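Positions in the sequence shown are counted from 1; adding 1 to them yields our numbering.
Before any comments, here is the structure.
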Amino acid sequence: MRNLKRFRYLAVLLALALAVSSCGSDSDEAAVADCELNQVDGNLALYNWAEYIDEEQLAEFATEYGISATMDVYDSNEAMQPIISAGNSGYDVIVPSDYMVSILIADKKVQKLNSDAIPNAINISSDFSGLYYDPSGEYTVPYQWGTTGIGVNTTVVGKDFPRSWGLIFDPSISGAFDGKIQLL
């Protein structure tokens, strides 16, 4: 199972790398690919959240595809944005959150993906189309997705409790549950 997950992850990363051509220009102009489809310059520069990709997997990916791969990390979209917005960052693939994608698109700081380089995009669930931050799906492909919820042990809390995040974050509500709430 782990190998299948790793394969899927690496396939998406490769598709992203090819989609942005894994080529860069030394000019300060807006992001524009200067390579043809499936052409790479041998280097993949990734800018991602800390601890989102195992560095050992990235090294294996680089070895398997005969490239060098470097990854710089950031801890917030606000730390990442000025580096990308300054232009000529040298990154081939970035992994911003949804709201930051729309900002970078509006500011013309990212380029459209070459859909021909991502043939497996047809396998992406339609649940991920028409998203507010990239309605046309021209700039992004899903990378990670998940949900967060609240689990409640009703033998400790009882059956009558607020069904909202206020249970955790609103002191006027959570105070009644002091010592009974834990966010994992």
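Don't be surprised by glycine CBs; every beta carbon is placed ideally from N, CA and C.
Since the model is a prediction, treat every value here as computed from it, not as a measurement.
Residues of its chain near residue i, where Cβ-Cβ distance is below 8 angstroms and the 5 sequence neighbours each way are ignored
| i | result |
| --- | --- |
| W166 | I151 |
| N78 | P97, S98, Y100 and M101 |
| F178 | V158, F162 and L168 |
Expected contact under 8 angstroms - CB spacing of residue i and residue j to nearest Å
| i | j | result |
| --- | --- | --- |
| D76 | A46 | Contact flag wrong, Cβ pair sits at about 18 angstroms. |
| A60 | V74 | 15 angstroms between Cβ atoms; not a contact. |
| I95 | Y48 | 5 angstroms |
Closest by C-alpha distance to residue i, when choosing among the options
| i | options | result |
| --- | --- | --- |
| F170 | Q145, I182, G159 and K160 | I182 |
| Y134 | N49, A107 and G180 | A107 |
| I125 | T155, K110 and Y144 | Y144 |
| V142 | S127, T156, T149 and V153 | S127 |
| N44 | F62, T155, I54 and Y53 | F62 |
| Q40 | G131, A122, A118 and D55 | A118 |
| L132 | S103, I95, T155 and I123 | S103 |
| W146 | F129, Y48 and T155 | F129 |
| V153 | P120, S175 and I95 | S175 |
Same chain, Cβ closer than 6 angstroms to residue i, five either side skipped, listed in chain order
| i | result |
| --- | --- |
| Y10 | Low per-residue confidence applies at Y10: pLDDT is 48, beneath 50, and the placement is therefore not dependable enough to give any value. |
| E139 | K113 |
| S90 | I84 |
| A70 | L45, L59 and A63 |
| K160 | none |
Host beta strand (DSSP E) of residue i (start-end)
| i | result |
| --- | --- |
| D93 | Counting along the chain, D93 falls outside any beta strand (DSSP E), and DSSP gives it neither H nor E. |
| N203 | Outside the shown range of the chain, which is 2 to 185, sits residue 203, and nothing can be said about it. |
| T149 | No beta strand (DSSP E) contains T149, which DSSP labels as neither H nor E. |
| T71 | S69 to Y75 |
Opening and closing residue of the alpha helix (DSSP H) in which residue i lies
| i | result |
| --- | --- |
| V102 | D99 to A107 |
| L168 | G167 to F170 |
Residues near residue i by beta carbon distance below 7 angstroms, same chain, minus five either side
| i | result |
| --- | --- |
| I54 | M72 |
Next item on the list: Report yes or no: do three or more beta-carbon pairs, one from the region 95 to 103 and one from the region 59 to 74, lie closer than 8 angstroms?
Entry: no
Notebook entry, point to check: How do the region 112 to 121 and the region 81 to 97 stand: do at least 3 beta-carbon pairs fall below 8 angstroms, yes or no?
Noted result: no
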